[in-house]
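Residue numbering for the sequence shown follows this note's numbering, starting at 6 and increasing by one per position. The block underneath contains the structure these notes are about, expressed in structure tokens.
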Amino acid sequence: MRDPFGRSITYLRVSVTDRCDLRCVYCMAEDMTFLPKAEILSLEELERLCGAFIRLGVRKLRLTGGEPLVRRNIMSLVRGLGRWLGPKDRGWGLDELTLTTNGTQLARYAAELADAGVRRVNVSLDTLDPAKFAAITRWGRLDQVLAGIGAAQEAGLRIKINAVALKGVNDDELDRMVAWCGDEGHDLTIIEVMPMGDIGRQRVDQYLPISMVRAGLKRRWTLEDVDHTTGGPARYVRVRETGGLVGFITPLTHNFCESCNRVRLTCTGTLYMCLGQEDAADLRAPLRQSDDDGLLDRAIHAAIARKPKGHDFVIDRRHAPRSVSRHMSVTGG
Ligand code: SAM
Ligand code: SF4
């Protein structure tokens, strides 16, 4: 699948539910309204849809949410998708199946995930301070997530920690997170807050530019530029003292769109061709209209042909940021 700008689309992110067991302050409002169950694709439908993308050239698939591991029976989808991994004697297949999780359910699922062929997971963790963790997530428990990370390590999964940089909240702790990730052998990605969805407060309160994060880390650590790229928006450095990788995601201050290889599917079968744009394609109708995949394949190709050149997030310190109306939990980041 090639888009109009010659970019090859090989990476599908699938939000399997918009629900979550946490309410991170930068992601959701406290009193979120979630989609009625009737609107949500069944796991079998999601698997068929993912299968179509894989046949059309997707090589990497990430499950996300909401919280992917709170969807009932999620392991049946993971196991089904895991069958696409491995030798590609059919001429197509997945190189990687992975997920982004808040880690609360990892203690329960880590071994099964590894068994299904998952090799790496991203765990979102913005702080190592239990009280701050409870405040950021509104009611989460840090020890539960740390136990989940421990279980994932034991199951042999590689872990990347995703931390959102939050002004006045965890900016004083990022040094400690670099040290902890170094000790534990986790890579770390630090993400700027993106203006997505109504969260009941001004985003500029939370916004901390990655340039400042980087400058702060440089006071304590030696950051060496590396070529390492995942094809995504992160720019990586190696921390000489720990040997660990630290990635920086700066969607608001830099343009990473020219190398974008990804599209995002929601749990209702809506395909977003760009995280920062409203345009979307409905794949649920062609999916349900016929068991013949021809219709679905044509709808996917038509959507990819509409992938825009780039996003237009704008943040301005004097005004409220121009935001995208959907929450991050709809497309999963
Ligand atoms: N619940 C899972 C988790 O937290 O990892 C998966 C979904 S969550 C929406 C995916 C990622 O998006 C998390 O790393 C989270 O920190 C990040 N995120 C959520 N809202 C964000 C925002 N407004 N700006 C930047 N990152 C955000
Ligand atoms: Fe849930 Fe992830 Fe959003 Fe936090 S960031 S509220 S864990 S979906």
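Cβ atoms here follow ideal geometry from the backbone N, Cα and C, with glycine treated the same way.
What separation, rounded to the nearest whole angstrom, lies between the Cα atoms of residue i and residue j?
i: THR336; j: VAL244; result: 31 Å
i: TYR241; j: VAL123; result: 23 Å
i: ASP284; j: MET278; result: 7 Å
i: LEU111; j: CYS29; result: 18 Å
i: GLU117; j: ARG24; result: 22 Å
i: ARG322; j: GLU197; result: Any answer about ARG322 is weak, because its pLDDT of 44 lies below 50 and its placement is not dependable; what the coordinates show is given next. Each residue's alpha carbon lies about 15 Å from the other.
i: LEU68; j: ASN78; result: 14 Å
i: ALA139; j: ILE154; result: 17 Å
i: HIS191; j: ARG113; result: 20 Å
i: HIS259; j: PRO238; result: Only weak support exists for where HIS259 lies, its pLDDT of 47 falling under 50; the coordinates are left without a value.
i: HIS324; j: ARG60; result: Any answer about HIS324 is weak, because its pLDDT of 44 lies below 50 and its placement is not dependable; what the coordinates show is given next. Rounded to the nearest angstrom, the two C-alpha atoms are 45 Å apart.
i: GLU44; j: GLY249; result: 42 Å
i: PRO326; j: LEU133; result: For PRO326, the predicted model reports a pLDDT of 45, less than 50, meaning its position is unreliable; a value from the coordinates is still stated below. Their Cα atoms are separated by approximately 29 Å.
i: GLY56; j: LEU86; result: 8 Å
i: PRO9; j: ILE309; result: 8 Å
i: ILE305; j: ARG12; result: 15 Å
i: LEU300; j: LYS172; result: 47 Å
i: TYR212; j: SER330; result: 18 Å
i: VAL268; j: LEU17; result: 5 Å
i: LEU276; j: GLY71; result: 16 Å
i: ALA160; j: ASP120; result: 9 Å
i: GLY145; j: ALA136; result: 10 Å
i: GLU101; j: VAL174; result: 34 Å
i: GLY98; j: MET37; result: 37 Å
i: GLY221; j: ALA168; result: 15 Å
Would you identify the three-state DSSP class for residue i, choosing helix, strand or coil?
i: ASP232; result: coil
i: SER330; result: coil
i: PHE10; result: coil
i: GLU101; result: strand
i: VAL198; result: coil
i: LYS65; result: strand
i: ASP23; result: coil
i: TYR212; result: coil
i: GLY71; result: coil
i: SER129; result: strand
i: GLY252; result: strand
i: VAL335; result: helix
i: LYS165; result: strand
i: TYR16; result: strand
i: ASP296; result: coil
Restricting to Cα atoms, I'd like to know which of the options is closest to residue i.
i: GLU52; options: ARG88, ALA34, TYR31, ARG24; result: ARG88
i: ASP296; options: SER20, ASP36, LEU54; result: LEU54
i: ARG224; options: THR194, THR38, GLU246; result: GLU246
i: VAL63; options: GLY281, ARG7, THR105, PRO73; result: ARG7
i: ARG143; options: ASP26, ASN175, VAL251, ILE45; result: ASP26
i: PHE39; options: GLU49, GLU50, VAL21, LEU48; result: VAL21
i: GLY252; options: LYS65, ILE195, GLU229; result: ILE195
i: THR106; options: ASP232, ARG267, ILE254, ARG125; result: ARG125
i: THR273; options: LEU179, LYS42, LEU171; result: LYS42
i: THR103; options: THR109, LEU82, ASP94, ARG95; result: LEU82
i: VAL75; options: LYS65, GLY98, PRO291, THR109; result: THR109
i: THR255; options: ARG95, MET333, MET199, ASP120; result: MET199
i: GLU49; options: LYS314, GLY315, LEU292; result: LEU292
i: LEU130; options: LEU280, ILE141, ALA121; result: ILE141
i: MET333; options: LYS312, LEU280, HIS316; result: LEU280
i: LEU270; options: ASP287, LEU90, VAL169, GLN282; result: ASP287
Specify which residues have a beta carbon nearer than 7 Å to any heavy atom of ligand 2, listing them in chain order. The answer, residue by residue, is CYS25, LEU27, ARG28, CYS29, CYS32, MET33, GLY70, GLY71, GLU72, ASN107, SER129, THR142, MET333, SER334.
Report yes or no: do three or more beta-carbon pairs, one from the stretch 175–194 and one from the stretch 158–166, lie closer than 8 Å? With contact defined as three or more Cβ pairs closer than 8 Å, the stretch 175–194 and the stretch 158–166 are in contact.
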